[in-house]
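Q:
Protein chains: 4
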Amino acid sequence: MGNTFGHMFRVTTWGESHGDAVGVVIDGCPPGLAITSDDIQPDLDRRKPGQSKITTQRKEGDKAEILSGVFQGRTLGTPISIVVSNNDQRGKDYDYMQTKFRPSHADFSYQAKYGIRNWKGGGRASARETIGRVAAAAVAKKILSEEYGIEILAYVKQVWNIVAEIDLSSVSIDDVESNIVRCPDQQIALKMIDQIEKARKSGDSLGGVVEAVARGVPAGLGDPVFDKLEADLAKGVLSLPACKGFESGLGFGAVAMTGSEHNDPFYMEDGRVRTRTNRSGGIQGGISNGEDIVIRAAFKPTATILGNQETVDEDGNASTLEGRGRHDPCVLPRAVPMVEAMMALVLVDHAIRQRGQTGSLV
Amino acid sequence: MGNTFGHMFRVTTWGESHGDAVGVVIDGCPPGLAITSDDIQPDLDRRKPGQSKITTQRKEGDKAEILSGVFQGRTLGTPISIVVSNNDQRGKDYDYMQTKFRPSHADFSYQAKYGIRNWKGGGRASARETIGRVAAAAVAKKILSEEYGIEILAYVKQVWNIVAEIDLSSVSIDDVESNIVRCPDQQIALKMIDQIEKARKSGDSLGGVVEAVARGVPAGLGDPVFDKLEADLAKGVLSLPACKGFESGLGFGAVAMTGSEHNDPFYMEDGRVRTRTNRSGGIQGGISNGEDIVIRAAFKPTATILGNQETVDEDGNASTLEGRGRHDPCVLPRAVPMVEAMMALVLVDHAIRQRGQTGSLV
Amino acid sequence: MGNTFGHMFRVTTWGESHGDAVGVVIDGCPPGLAITSDDIQPDLDRRKPGQSKITTQRKEGDKAEILSGVFQGRTLGTPISIVVSNNDQRGKDYDYMQTKFRPSHADFSYQAKYGIRNWKGGGRASARETIGRVAAAAVAKKILSEEYGIEILAYVKQVWNIVAEIDLSSVSIDDVESNIVRCPDQQIALKMIDQIEKARKSGDSLGGVVEAVARGVPAGLGDPVFDKLEADLAKGVLSLPACKGFESGLGFGAVAMTGSEHNDPFYMEDGRVRTRTNRSGGIQGGISNGEDIVIRAAFKPTATILGNQETVDEDGNASTLEGRGRHDPCVLPRAVPMVEAMMALVLVDHAIRQRGQTGSLV
Amino acid sequence: MGNTFGHMFRVTTWGESHGDAVGVVIDGCPPGLAITSDDIQPDLDRRKPGQSKITTQRKEGDKAEILSGVFQGRTLGTPISIVVSNNDQRGKDYDYMQTKFRPSHADFSYQAKYGIRNWKGGGRASARETIGRVAAAAVAKKILSEEYGIEILAYVKQVWNIVAEIDLSSVSIDDVESNIVRCPDQQIALKMIDQIEKARKSGDSLGGVVEAVARGVPAGLGDPVFDKLEADLAKGVLSLPACKGFESGLGFGAVAMTGSEHNDPFYMEDGRVRTRTNRSGGIQGGISNGEDIVIRAAFKPTATILGNQETVDEDGNASTLEGRGRHDPCVLPRAVPMVEAMMALVLVDHAIRQRGQTGSLV
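As structure tokens, this is what we get:
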């Protein structure tokens, strides 16, 4: 249970890291949308392993195959099934995981929950699971772009203690993709890359922050009181592997401000209600207000490290884990399309809901 | 849409701030639980307005009336309907809200979404909406306590820039309730109260952070990949009014650590797998690991302030809002039972799910 | 669990027959709809007990009180909470039910499921539970009528072995309401009434069939493969007390026909695709085709009868039940608004879904 | 939307008749269950085309491939993805469907709903869609059998006007599978086969009734008021292609009885509450009472026939359809595993729910 996301645009993912394949079923995609695997592949390529020297060296083509729901290049309104094969599995690299619980991985908690686990490469808990999300979100992004003019963009805001300051209003996908760490501040990006390489060499790992912005979102998306836009975004983001924090607007930064400092004054611009500032991050009362939606996701440092760590084995014996295997010293560059994916899935779901509830996007 | 929370323990809230009443329907409460309104009232009293000099002075008894689902003092397994009347409404205090959008409130976004709004006191966007959540969670807490031995406790960790350091392992409900700001550090609490009073006098407002801990949670709760425990907790917390951020474990604080600094080593204690540290906050791979679950919620400063603010009216004219009306200069003391509520609702839902899926709590 | 119906127009009912009240929360009602209790009362009056000599003589005003979700006469888009008090409860009339399981009632199965039950008057299993459905459906009917031009009408088609032949194309609400058994064939109605009175006098009970038609339904409603229009209608109808069968179109009557006899040829009329016959009952492939939707619901004879019946008590002792208490000798007249209700709830839900999925009603 | 069934045991199917493949994702399967494709294949073989002279001659191996959720022969508790390739597609056989709407098929209603359709072989509306259901139900049946001792069995009760009388208490899978029409009455079966062959030769088609029984179901399954066991069974059955009617217990046959004739008296047997008769079909108040659950499903005659039929084309021109293509003259033999499938999916879902809600199967 728990492998479906969304209410009207419903995404169900499946697959383990070292099973035969991973995939997704999209139910609720509007009919008539032009979709081919070419629409999906670019984001899968941004997510895939082995894309640069600072990611894991597992080699996967991650080619998306669309098995249903598209006919003569157009969506049918029926479920879209997308499958990606697992090829470079090297299961035996992971033999050491078979009996020992890796610290801060999901080995123990999966075993405790299910009484069984696929111990090869993290099984279902592997970030490989996000392929289905990213593939589905590529479809979602196309809907958002074509039908609503909404554009979603994420980037690395922070790695370890290296923080970039990004101008949300002008940042572009080209800025993001111009370096392998996906930080639009090119100077800071170099420092981040350098630090990640240091971590990799020392067998350690780093965390960081992804910031994401959605532009062109109409006012009126979000369903209080429980399906507030921020609530669904928070759920989406926190469901990503290694994510431990979420902010909307100024987030925790709002705490040390007073109301008079934080409030966003309203004014009129071109016949539209706008706010002078956007400390609210485009969401008020859980509903979009027409300004840019801004969120941040905190990722802990990768749990896989190469040094020796204290642990226990399945039989409850004290043991030592000697780190091995391919891994990402820092997941942030690959987390960028994942955060975009969750944002896209939430927005398209709420856009469809709102159209149903009111007959318009207001 | 969006007013139901939970999958097996389902809570549906209803009601506007200045309507006749607010309430909740609980569907999925296990049968046979001893429940009276006395189980519900204490948390409603912790949540209610007018409880101290640092909260809004609206006077409400907030008495819970149970209309169904309980028979001769025991739950039937059928829906439990709980209603709380609205009494001290003073609707006309809010006449000034009728046409002008209050900055950083939900007035504009509700109007944009629905094309209509109950402008009296914030309508559905008022924190008064949380009465239903708190009432339902009182039932949830009792189940968690009696059937699983789980205890949930929240407190104010930070107000404005005043931060308390709390020992998670020893903090008690008495510590929390020993002062009106609900911060267990009594010295810091005095500073917080003082600062809130200053804000009230100057017509301004403050935000802050609530920290919550759940003790006694068995390993195995949480349904990856989308209904991870952290994902559902994040959704629950972010669905609270004025909440803009969520952390699990070290949250954003994990970002500046390396993997070797952050990982929680496993060891055996009394035949049980434990972690030496609890940087993960009791959740790994989205599933509880048996350690204390620790989360934090960031609340922005209350949007209601007394000074003049730039705004626009419903007709799109520039205008000035002159702040009036009763309000909370700082929602934090009253947010404590709300955060506890969302944590309880998430945990009881996952406990029931897990029991269904595996026949045991593992 | 299981007390919510619908995906976008969500109805949650609550209440036991002899508790304080019964009610419903509607979540997902489009905003801006003019609604007062006057829109709801007529259908509650058609459903209420004591309305004629052939229904139970329990006296209830069944006055609907709207507690939320409507502001200045218009729906807000927020949850609509409707409550109806229980007045004429006469709990002690039902003392004999306290320990003995009434045959073919839900006493035993509720006890087996929950380990507890409200034995007064059937508790949650009482048809009194349908008040919430009928109230919610009154709102649904208004949406269907005003926004889509859809009209729903049900009537008694059969009581015991007395069957009416009704012209679906011309039958009107006035025809239905012109007699107390709600059969539009006035001659047959007299026979039905006579038979019901005979059953009442002899302490026995009768079953029957309600037929319902929805006119003006656009083509395109229904979500294959599981949420086919017929599937959701069947679920809605079978969730009514005492209902044991469902048919769409010719239903079981189609079985003895060949394909060439059953198929509905297409032709054009006024630029619209029509079918020459409507053996499909307006639904093909689980999706409405623009013709009248026709369904039938079979109700078993009321389980409450006055003679002595073999049964057992809660302690597992053989016993005899001596029938007493007020009851309906035939539920059919009061089942008419219930079947209409479920049809309306299904159609409005699918209309909202379809508008969301395609931006139009096609 | 609408391609997921179940609340705790969730089945999502995908695929068009003449796409690359069809399949299913099962979410919520309990962990630790021994499953291989050998558990799934037998029911797929009972469902598959070309199995006898009275079914369509399309040739498909319908081999199930399990891509995830099973590890070393045991379920992981993670989603189980099962894929079946489409091989013998002969798309061009269906060219004639491209522009003309086949009467009583879903061509027109799909086009009206989605504005597009896969016209090859019925696309998503083809009974080929049920492969995913049958595969998932094979897993469900194994859970029901191993964990609960529940056995599900369906058979053909009626073809056209040829009706079999079956002893529900003694009928076995061997009786059912002993002839190609799957009617346990061997004499009647011969007549049915003969009639189906006549229909096939004359290019016509026949409908019929499938009856299904579930034995060993404990009392207590079903979630009133909307998710009553009968309501979910009715939904499941009516979601099958060509199904137009549903009965529980005596169904429409109960209508002509009086209450005193229909009620099932209770008595004790071996310390268990039993009913002398089972007119209720094992369900009272929407909850199983421990007796055999008995349902019936009515299937209309197959819409595909070989004669000329009046129709219209996509452009709204009057036209004549000349029937061609492979088809089933009578779906009943292949509908048997489909009805079993829906019954199994409903029962396993409610068994898991009940275990969650009460911690036991009562």
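Chains as they are written, first to last, in my numbering: chain A, 161 to 522; chain B, 161 to 522; chain C, 161 to 522; chain D, 161 to 522. Note that beta-carbon positions come from the ideal geometry of N, C-alpha and C, so glycine has one too.
Going by Cα to Cα distance, which pick from Lys219/C, Cys189/C, Gly162/C is closest to serine 177/C?
A: Within the third sequence, residue 177/C is the residue found at index 17, counting from 1. Considering only alpha carbons, the answer is Lys219/C.
Q: Whole-angstrom Cβ separation of serine 269/D and alanine 379/C, contact assumed at under 8 Å?
A: Translated into the one-based positions of the fourth sequence, residue 269/D becomes position 109. Translated into the one-based positions of the third sequence, residue 379/C becomes position 219. Right, the Cβ-Cβ distance comes to about 6 Å (below 8 Å), so this counts as a contact.
Q: Between isoleucine 512/B and chain D, is there a C-beta pair that is closer than 8 Å?
A: Residue mapping note: residue 512/B aligns to position 352 of the second sequence, counting from 1. Yes, because at least one Cβ of chain D sits closer than 8 Å to the Cβ of isoleucine 512/B.
Q: Name the residue from Val244/B, Gln347/B, Gly409/B, Ala372/B whose alpha carbon lies nearest to the alpha carbon of serine 330/B.
A: Translated into positions along the second sequence, residue 330/B becomes position 170. Nearest of Val244/B, Gln347/B, Gly409/B, Ala372/B to serine 330/B, Cα basis: Ala372/B.
Q: Among the candidates Pro191/D, Ala272/D, Ala501/D, Asp488/D, whose CA atom is the shortest distance from the CA of leucine 400/D?
A: For the purposes of this step, residue 400/D is identified with residue 240 of the fourth sequence, where counting begins at 1. Nearest C-alpha to leucine 400/D among Pro191/D, Ala272/D, Ala501/D, Asp488/D: Ala501/D.
Q: Could you tell me whether the stretch 410-420 of chain B touches the stretch 276-284 of chain B, using the rule of 3 or more Cβ pairs below 8 Å?
A: These segments do not touch.
Q: Less than 6 Å between C-beta atoms, sequence neighbours within five positions excluded: which residues of the same chain meet that for aspartate 488/A?
A: Position 328 of the first sequence holds residue 488/A. Closer than 6 Å at Cβ, skipping near neighbours: Thr215, Thr216, Thr462.
Q: So arginine 402/B is in the beta strand (DSSP E); what residue range does that whole segment cover?
A: Indexing the second sequence from 1 puts residue 402/B at position 242. In the sequence as presented, arginine is not what sits at residue 402/B; that position holds alanine. No beta strand (DSSP E) holds alanine 402/B; DSSP gives it neither H nor E.
Q: Taking just the CA atoms, how far does aspartate 383/C sit from threonine 173/D?
A: In the fourth sequence, the residue the question calls residue 173/D occupies position 13. In the third sequence, the residue the question calls residue 383/C occupies position 223. Between the C-alpha atoms of threonine 173/D and aspartate 383/C there is a straight-line separation of about 13 Å.
Q: Alpha carbon to alpha carbon, how far is glutamine 517/A from valine 506/A? Give it in angstroms, no decimals.
A: Sequence index remark: in the first sequence, residue 506/A carries index 346 (1-based). Sequence index remark: in the first sequence, residue 517/A carries index 357 (1-based). Each residue's alpha carbon lies about 16 Å from the other.
Q: Which residues of the stretch 166-181 of chain D have a Cβ closer than 8 Å to any Cβ of chain A? Give them in chain order.
A: Met168, Arg170, Thr172, Thr173, Trp174, Gly175, Glu176, Gly179, Asp180, Ala181
Q: Can you look up glutamine 232/D in the DSSP assignment and give me helix, strand or coil?
A: Locating residue 232/D in the fourth sequence gives position 72, where the first residue counts as 1. Three-state result, glutamine 232/D: coil.
Q: Under the three-state reduction of DSSP, which class applies to alanine 458/D: helix, strand or coil?
A: Your numbering for residue 458/D matches position 298 in the fourth sequence. Looking at alanine 458/D - three-state DSSP - the assignment turns out to be strand.
Q: Helix, strand or coil for methionine 428/C per DSSP?
A: Residue mapping note: residue 428/C aligns to position 268 of the third sequence, counting from 1. DSSP places methionine 428/C in strand when its eight states are reduced to three.
Q: Step through the CB atoms of chain A and report whether any lies within less than 8 Å of the CB of methionine 417/B.
A: Taking the second sequence and counting its residues from 1, the one referred to as residue 417/B is at position 257. Interface annotation, methionine 417/B: in contact with chain A, CB-CB separation under 8 Å.
Q: Please tell me whether proline 493/A and aspartate 203/A are closer than 8 Å, where the distance is taken between their beta carbons.
A: Against the first sequence, residue 493/A aligns to sequence position 333. Against the first sequence, residue 203/A aligns to sequence position 43. The answer is no: Cβ separation not under 8 Å.
Q: Pull up the distance between the alpha-carbon of alanine 194/D and that of threonine 235/D, whole angstroms please.
A: Counting from one through the fourth sequence, the residue named residue 194/D turns up at place 34. Counting from one through the fourth sequence, the residue named residue 235/D turns up at place 75. Going by the C-alpha atoms only, they are around 6 Å apart.
Q: Quick check on leucine 539/B: does DSSP put it in helix, strand or coil?
A: In the structure as shown, chain B starts at 161 and stops at 522, and residue 539/B therefore has no counterpart that could be examined.
Q: Hey, is leucine 227/B's beta-carbon within less than 8 Å of any beta-carbon in chain A?
A: The residue you call residue 227/B lines up with position 67 of the second sequence. False, the Cβ-Cβ gap to chain A never drops below 8 Å.
Q: As a quick exercise: from Gly368/C, Ile303/C, Glu482/C, pick the residue whose alpha carbon is nearest that of leucine 410/D.
A: As a first step, residue 410/D must be located in the fourth sequence, where it is residue number 250. The residue with the shortest Cα to Cα distance from leucine 410/D is Gly368/C.
Q: Determine, using beta carbons only, whether threonine 528/A and glycine 237/A come nearer to each other than 8 Å.
A: In the structure as shown, chain A begins at 161 and stops at 522. Residue 528/A is therefore absent and cannot be evaluated.
Q: Is any beta-carbon of chain D found at less than 8 Å from that of arginine 234/B?
A: In the second sequence, counting from the first residue as 1, residue 234/B sits at position 74. No - not a single Cβ of chain D is within 8 Å of the one on arginine 234/B.
Q: Any idea which residues DSSP pairs serine 305/B with across the strands?
A: Numbered from its first residue, the second sequence carries residue 305/B at position 145. DSSP output for serine 305/B lists no bridge partner at all.
Q: Give a yes or no on whether the minimum CB-CB distance between glutamine 258/D and chain B is below 8 Å.
A: One-based indexing of the fourth sequence puts residue 258/D at position 98. For glutamine 258/D, the answer is no, since every Cβ of chain B falls outside 8 Å of its Cβ.
Q: When burial is assigned at 16 or more other CB atoms within 10 Å of the CB, is aspartate 187/C buried or exposed?
A: Looking up residue 187/C in the third sequence gives position 27. The residue in question, aspartate 187/C, is buried, as its Cβ has 16 or more Cβ neighbours within 10 Å.
Q: Which bits of chain A does threonine 109/D rub up against, with CB to CB less than 8 Å?
A: Beyond the ends of chain D as shown, which are 161 and 522, falls residue 109/D; an answer cannot be given.
Q: Classify glycine 368/A as helix, strand or coil using the three-state DSSP reduction.
A: The count along the first sequence starts at 1 and reaches residue 368/A at position 208. Looking at glycine 368/A - three-state DSSP - the assignment turns out to be strand.
Q: Please state whether the Cβ-Cβ distance between aspartate 424/A and serine 286/B is less than 8 Å.
A: Working through the first sequence from its first residue, we reach residue 424/A at position 264. Working through the second sequence from its first residue, we reach residue 286/B at position 126. For aspartate 424/A and serine 286/B, no; Cβs fall outside 8 Å.
Q: Kindly list the residues whose CB is nearer than 6 Å to the CB of arginine 375/D, restricted to its own chain and excluding five residues on each side of it in sequence; keep chain order.
A: Residue mapping note: residue 375/D aligns to position 215 of the fourth sequence, counting from 1. Answer for arginine 375/D: Glu311, Asp452, listed in chain order.
Q: I want to know whether the stretch 253-260 of chain B touches the stretch 467-483 of chain B - three or more CB-CB distances under 8 Å.
A: yes
Q: Under 8 Å Cβ to Cβ from asparagine 163/D, same chain only, skipping five residues before and after it: list those, please.
A: The residue labelled residue 163/D in the question sits at position 3 within the fourth sequence. Thr172, Thr173, Trp174, listed in sequence order.
Q: Name the residues in the stretch 283-300 of chain B whose C-beta lies less than 8 Å from a C-beta of chain C; which are they?
A: Gly283, Arg284
Q: Can you round the beta-carbon distance between asparagine 321/D and alanine 416/C to whole angstroms, since I take them to be within the 8 Å contact cut?
A: One-based indexing of the fourth sequence puts residue 321/D at position 161. One-based indexing of the third sequence puts residue 416/C at position 256. About 5 Å; that satisfies the 8 Å criterion.
Q: By how many angstroms is the C-alpha of phenylalanine 412/D removed from the C-alpha of arginine 434/D?
A: Here residue 434/D refers to the residue found at position 274 when the fourth sequence is read from its first residue. Here residue 412/D refers to the residue found at position 252 when the fourth sequence is read from its first residue. Each residue's alpha carbon lies about 24 Å from the other.
Q: Quick one: residues in its chain with C-beta nearer than 7 Å to the C-beta of aspartate 335/C, no 5 flanking neighbours on either side, listed in chain order?
A: Taking the first residue of the third sequence as 1, we reach residue 335/C at position 175. Answer for aspartate 335/C: Pro344, listed in chain order.
Q: What whole-angstrom Cβ distance do leucine 466/C and glycine 363/C have, given they're in contact under 8 Å?
A: Taking the third sequence and counting its residues from 1, one reaches residue 466/C at position 306. Taking the third sequence and counting its residues from 1, one reaches residue 363/C at position 203. Confirmed, about 3 Å.
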